[in-house]
DNA sequence: TTTTACGTTGACGTTAACGTCAACGTAAGT
DNA sequence: ACTTACGTTGACGTTAACGTCAACGTAAAA
């Protein structure tokens, strides 16, 4: 198997972002592609990292937060204190996710309510206009 | 019943934000408190608006997006086209909420996996140290 | 009356997350 | 050799969402 890789514009195209953005993520320490001379070569795992970044963005996370999250995924440098700290971080993340779930549920209820009022208003208009 | 209201610092205190932020939301057209002379007086519904803004923020919405959303909640100026457009907007929101739900689920799976690896690593260390 | 607490309106500063050039290298096609 | 396509590194510009003064008004408390 020949170590498959991607160019920067391939990834940019696939994810609908600019190459500038991708380089920016690298500046911020979120990705570290290999170099073939000057050019960047992105591995499959680099691509996954990009996915994670974008998922984070969709949930309103900052790049710093996403980097933290991504760093959790790799090996973990053994130390017991580090591991316990990592577990704490995980719990913290879980907590914010839970709150987001509640917020989404609330927003869905609100939208549903507006939707119904909206449909009723349309119903009313339909009846009114059929009276003419 | 005496129209109960809040001062700017009361709301700031309650929601853990600054008065500056609240005035900024007003500048951006998200709230419109009454005035008693110079001073702002926030009604219960102004307070609700603030809550909605903050919920939006927790989900990564911009202030402009939150204003759009909040504007959906009030009367709705009758027009049929407007109402249909509103329904479209609602559907669009719902779609992004659904994607967020998927993203959260994915992130929870990831976190769970890291948590387990982390706990296994701790287990291993425990056994190792008990060998001494 | 003077401090203290709270409010007001500018105006400028700041951070995040890029966009937008400029100026250049490289490799392939014609 | 020349263009075309793609890549690179700065450097500066921009927008959102406030923070941080400054300079001032007002009303109650000491």
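Chains as they are written, first to last, in our numbering: chain A, 46 to 177; chain B, 46 to 177.
For glycine and all other residues, C-beta sits at the position ideal for the given N, C-alpha and C.
All figures in this text were calculated on a predicted structure; none of them were measured in a lab.
Spatial neighbours of residue i within its chain, please: CB distance less than 8 Å, with the 5 preceding and 5 following residues excluded, ordered by chain position.
{"i": "residue 54 of chain B", "result": "64"}
{"i": "residue 67 of chain B", "result": "53, 56, 57, 76 and 95"}
Please list the partners that residue i has in chain A, where partner means a Cβ-to-Cβ separation under 8 Å.
{"i": "residue 139 of chain B", "result": "153 and 156"}
So which residues on chain A does residue i lean against when the C-beta distance must stay under 7 Å?
{"i": "residue 160 of chain B", "result": "132 and 135"}
{"i": "residue 142 of chain B", "result": "149, 152 and 153"}
Quick one: list the residues of chain B neighbouring residue i, beta-carbon separation under 8 Å, in chain order.
{"i": "residue 145 of chain A", "result": "103, 104, 145 and 149"}
{"i": "residue 118 of chain A", "result": "155 and 159"}
Whose Cβ in chain B lies nearer than 7 Å to the Cβ of residue i?
{"i": "residue 170 of chain A", "result": "125"}
Would you say the beta carbon of residue i comes nearer than 8 Å to a heavy atom of the ligand NAP?
{"i": "residue 172 of chain B", "result": "Absence of the ligand NAP from the depicted structure is noted, as is the absence of any ligand whatsoever, leaving it without description."}
Whose C-beta lies closer than 7 Å to the C-beta of residue i among residues of the same chain, with five residues either side of it excluded?
{"i": "residue 50 of chain A", "result": "86, 87 and 88"}
Show which residues of chain B have a CB atom less than 9 Å away from the CB atom of residue i.
{"i": "residue 167 of chain A", "result": "125, 128, 129 and 132"}
Discussion item. Under 8 Å: do the stretch 53-67 of chain B and the stretch 114-129 of chain A share three or more Cβ pairs, one atom per stretch?
Written reply: no
Q) In chain order, which alpha helix (DSSP H) runs of at least 4 residues are fully inside the stretch 102-174 of chain A? A) 108-118
At 4 residues or longer, and completely inside the stretch 53-104 of chain A: list those alpha helix (DSSP H) runs for me, N to C.
53-60, 64-72 and 89-103
Original post:
Listed in chain order, which residues of the stretch 89-103 of chain A have Cβ atoms closer than 9 Å to some Cβ of chain B?
Top reply: 97, 100, 101, 102 and 103
### Query
Would you call the stretch 139-156 of chain B and the stretch 147-162 of chain A touching, i.e. three or more CB-CB distances under 8 Å?
yes
Using 8 Å as the Cβ pair cut-off and three pairs as the minimum, do the stretch 74-84 of chain B and the stretch 73-82 of chain A touch? no
Do the stretch 126-134 of chain A and the stretch 99-107 of chain B touch if we need at least three Cβ pairs shorter than 8 Å? no
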